[in-house]
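**Student:** Heads up: the protein sequence lines correspond to chains V and B, in order.
The number in this note's numbering is simply the position in the first sequence, starting from 1, with 3 added.
The number in this note's numbering is simply the position in the second sequence, starting from 1, with 39 added.
Where is the CB? At the ideal position from N, CA and C, for every residue including glycine.
Here it is, the structure, as structure tokens.
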Amino acid sequence: AQKITQTQPGMFVQEKEAVTLDCTYDTSDPSYGLFWYKQPSSGEMIFLIYQGSYDQQNATEGRYSLNFQKARKSANLVISASQLGDSAMYFCAMRGILIIQGAQKLVFGQGTRLTINP
Amino acid sequence: NAGVTQTPKFRVLKTGQSMTLLCAQDMNHEYMYWYRQDPGMGLRLIHYSVGEGTTAKGEVPDGYNVSRLKKQNFLLGLESAAPSQTSVYFCASRSDRGIYNEQFFGPGTRLTVL
């Protein structure tokens with residue numbers, strides 16, 4: 004079975020500092036993808052970054068980067084130069100086993116609530 | 040483009056009442072999904088659809104039914120609501136032609152069952 008674990012229920016960081024949100028995963032599927040989503044207090048889910056299991060380099064999107072350590076089965080999100088607007092819930096998710104006709108199931112972690120202090 | 044929209048945004052039901060949540064997407068996506076989000080847990084898949092007229096069960100399908108009569112709409116029904124179905128419901132859609140094939144989410148529906 005596939006599983007995502009986020010061990011940090013909450014984190015508090017000073018503005019402008021870098022922050023790392025932890026994510027470990029478990030799967031026996033050789034082909035998988037890892038996503039990070041941001042959920043601000045308004046409730047919507049915003050896609051941030053993606054890492055494929057066969058990607059040789061760590062993914063980067065602006066201030067977001069993904070520290071992908073395949074052997075350790077970890078996919079930590081790094082936010083550089085944090086801003087007040089980064090305060091939100093962050094979810095790690097894994098796309099793995101194909102179900103039927105190309106549908107791909109996402110398995111989510113429990114989330115980490117990040118608070119940026121001024 | 041409006042993306043993924045959900046109707047209604049909030050709803051309060053009494054135990055035993057029925058209701059339908061509507062999800063609409065204007066991106067011509069083939070795949071659509073319904074999730075529920077409960078406190079301290081991530082999103083869990085209820086049902087999904089791989090195209091018009093086809094639906095399938097996710098990991099927590101009991102107490103829900105779905106229909107996808109039109110490609111752009113995916114309906115989630117509760118025939119007899121129970122307090123355990125108090126949750127935030129998210130609809131998502133996905134194309135298989137994107138770079139990352141990420142799922143695009145609607146704004147959510149907050150449902151309370153008394």
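For F26 (chain B), which residues in chain V fall below 8 Å Cβ to Cβ?
**Tutor:** It is not possible to answer for residue 26 (chain B), since the shown part of chain B is limited to 40 through 153.
**Student:** Considering only the alpha carbon of each residue, which of B:N112, B:Y103, B:L108 and B:H68 lies closest to R133 (chain B)?
**Tutor:** The residue labelled residue 133 (chain B) in the question sits at position 94 within the second sequence. Checking every option, the nearest Cα to that of R133 (chain B) belongs to B:H68.
**Student:** Opposite V81 (chain V) in the DSSP bridges: which residues?
**Tutor:** Counted from its first residue, the first sequence places residue 81 (chain V) at position 78. Beta-bridge pairing links V81 (chain V) to V:T23 and V:S68.
**Student:** Could you work out which residues of chain B lie near Y53 (chain V), taking near to mean beta carbons separated by less than 9 Å?
**Tutor:** Along the first sequence, one-based indexing puts residue 53 (chain V) at 50. Here the neighbours are I138, Y139, N140 and E141.
**Student:** Name, please, each residue of chain B whose Cβ falls closer than 7 Å to the Cβ of L24 (chain V).
**Tutor:** As a working note, residue 24 (chain V) is residue 21 in the first sequence. Near L24 (chain V) there are no residues of chain B at all, since even the closest Cβ is about 14 Å away, more than 7 Å.
**Student:** Does chain B have any CB closer than 8 Å to the CB of F38 (chain V)?
**Tutor:** As a first step, residue 38 (chain V) is located in the first sequence; it is residue number 35 there, counting from the start. Yes, F38 (chain V) counts as interfacial toward chain B.
**Student:** Where do the N-terminal and C-terminal ends of the beta strand (DSSP E) with Y40 (chain V) fall, by residue?
**Tutor:** In the first sequence, residue 40 (chain V) corresponds to position 37, counting from 1. That run of the beta strand (DSSP E) goes G36 to Q42.
**Student:** List the residues of chain B that F94 (chain V) touches, going by C-beta distances under 8 Å, in chain order.
**Tutor:** What you label residue 94 (chain V) is simply residue 91 of the first sequence in a count that begins at 1. Residues of chain B passing the Cβ test: G81 and L82.
**Student:** Helix or strand or just coil, what does DSSP make of S88 (chain B)?
**Tutor:** Walking along the second sequence from the start, residue 88 (chain B) turns up at place 49. Reduced to three states, the DSSP call for S88 (chain B) is strand.
**Student:** I'd like to check one pair, S85 (chain V) with K19 (chain V): are the Cβ atoms closer than 8 Å?
**Tutor:** On the first sequence, position 16 is the one that residue 19 (chain V) refers to. On the first sequence, position 82 is the one that residue 85 (chain V) refers to. Yes, they are a contact pair.
**Student:** Let's test the definition: count the other Cβ atoms within 10 Å of the Cβ of N79 (chain V) and tell me whether it reaches 16, buried, or not, exposed.
**Tutor:** Here residue 79 (chain V) corresponds to residue number 76 of the first sequence, with the count starting at 1. Classification of N79 (chain V): buried, given that the 10 Å Cβ count is 16 or more.
**Student:** Which residues, in order along the segment 65 to 79 of chain V, keep a beta-carbon less than 7 Å from a beta-carbon of chain B?
**Tutor:** So nothing in the stretch comes that close.
**Student:** Tell me the residue span of the beta strand (DSSP E) that contains K6 (chain V).
**Tutor:** Along the first sequence, one-based indexing puts residue 6 (chain V) at 3. Start and end: K6 to T8.
**Student:** Between the C-alpha atoms of L114 (chain B) and L109 (chain V), what's the straight-line distance to the nearest angstrom?
**Tutor:** On the second sequence, residue 114 (chain B) is found 75 positions in, with the first residue counted as 1. On the first sequence, residue 109 (chain V) is found 106 positions in, with the first residue counted as 1. Going by the C-alpha atoms only, they are around 20 Å apart.
**Student:** Closest to A74 (chain V) by C-alpha separation, out of V:A21, V:T30 and V:I119, would be which residue?
**Tutor:** By 1-based counting over the first sequence, the position of residue 74 (chain V) is 71. Closest by alpha carbon: V:T30.
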